[in-house]
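> Dropping the structure in here first, questions after.
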Amino acid sequence: HMMTHTGETPYQCSQCEKAFSTNSDLTRHMMTHTGETPYQCSQCEKAFSKKSHLTRHMMTHTGETPYQCNQCEKAFSEKSKLTKHMMTHTGETPYQCSQSNKAFSRKSDLAIHMMTHTGETPYQCSQCEKAFSTNSDLTRHMMTHTGDTPYQCSQCEKAFSKKSHLTRHMMTHTGEIPYQCSQCEKAFSKKSDLTRHMMTHTGETPHQCSQCEKAFSRKSDLTRHMMTHTGKIPYQCSQCEKAFSRKSDLTRHMMTHTGETPYQC
Numbered sequence: 023h024m025m026t027h028t029g030e031t032p033y034q035c036s037q038c039e040k041a042f043s044t045n046s047d048l049t050r051h052m053m054t055h056t057g058e059t060p061y062q063c064s065q066c067e068k069a070f071s072k073k074s075h076l077t078r079h080m081m082t083h084t085g086e087t088p089y090q091c092n093q094c095e096k097a098f099s100e101k102s103k104l105t106k107h108m109m110t111h112t113g114e115t116p117y118q119c120s121q122s123n124k125a126f127s128r129k130s131d132l133a134i135h136m137m138t139h140t141g142e143t144p145y146q147c148s149q150c151e152k153a154f155s156t157n158s159d160l161t162r163h164m165m166t167h168t169g170d171t172p173y174q175c176s177q178c179e180k181a182f183s184k185k186s187h188l189t190r191h192m193m194t195h196t197g198e199i200p201y202q203c204s205q206c207e208k209a210f211s212k213k214s215d216l217t218r219h220m221m222t223h224t225g226e227t228p229h230q231c232s233q234c235e236k237a238f239s240r241k242s243d244l245t246r247h248m249m250t251h252t253g254k255i256p257y258q259c260s261q262c263e264k265a266f267s268r269k270s271d272l273t274r275h276m277m278t279h280t281g282e283t284p285y286q287c
């Protein structure tokens, strides 16, 4: 016990630089090298190298959440999860992006954000060519293929595949535009729209082209720009041979065939 006061760690791991104050701690640590997992879950096939890890895992079966947040009603099965959650109340963001000024309260959120810089999209749709940086984004996208729209508007017949889309839609009934720009009089119904708009004031262009020096404030603008390198023009006119990189350009072009003149003097 006195070694906990003196800091003495005589039990040295032969596989790495770590050292421990007790032989039992060294024995448990060695399992990380050997892959030994003697603590078997009685409810499923998982096994663990530490008894404490098994104890935490068992809470996924029992639903036990002993770590209660004192700021809200949420509770957690692990103390570390409560600690991370508390940052949402304190505003602490220790995980700093090395490529921009953004910082996050969770390491996992930083990892996801970094994909906006690397362009990594590991979650591939099995129905089309789209890929996403998070599994939750892929799950929501799959609803565009299945037609699943579980979020029903209580004011009209519209339904949506995403809860956030329903929330935004409800603003068309309430007239709410809660996201106010601090630099001008504009306001937005979506936080993401305000974030993009703010870049017009700051001049921030985080979406960098990998083929040239151009950078853009919006990912969609970068996507369209990349077509100048790839030659891809996906929006094909059904009446003639013309094709366009933007859907809005195709829509305007179609008016030359229909004779439609919506912009009246």
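Each residue of the sequence shown is one higher than the last, beginning at 23 in my numbering. Glycine included, C-beta positions come from ideal geometry on N, C-alpha and C. The structure presented is a predicted model; accordingly, all values stated were derived computationally and were not measured.
1) Could you pull the start and end residues of the alpha helix (DSSP H) that Arg190 belongs to?
2) Just reading off the alpha helix (DSSP H) that Asn157 is part of, what are its end residues?
3) By Cβ distance, which residues of its chain are closer than 8 Å to Arg268, with the 5 residues on each side in sequence left out?
4) Starting from Asn45, trace the alpha helix (DSSP H) both ways and give me its first and last residue.
5) Using only the alpha-carbon positions, how far apart do Thr138 and Thr31 sit?
6) If Thr171 and Ser155 are in contact, beta carbons under 8 Å, what's the gap, nearest whole angstrom?
7) Name the DSSP bridge partner or partners of Gln261?
8) Going by C-alpha distance, which of Thr54, Ser186, Thr28, Thr44 is nearest Cys38?
9) Please name the residue in Cys231, Glu263, His83, Phe182 whose C-alpha comes closest to that of Thr168.
10) Closest by CA to Gly29, which one among Glu226, Cys35, Phe42?
11) Ser71 to Ser130, Cα distance in whole Å?
12) When the Cα of Pro228 is compared with those of Thr56, Glu67, Ser120, Met109, which residue comes out closest?
According to the structure shown:
1) 185-196
2) 157-168
3) Arg246, Tyr257
4) 45-56
5) 43 Å
6) Actually they are not in contact, since the Cβ atoms of Thr171 and Ser155 sit about 24 Å apart, beyond 8 Å.
7) Beta-bridge pairing links Gln261 to no other residue.
8) Thr54
9) Phe182
10) Phe42
11) 24 Å
12) Ser120
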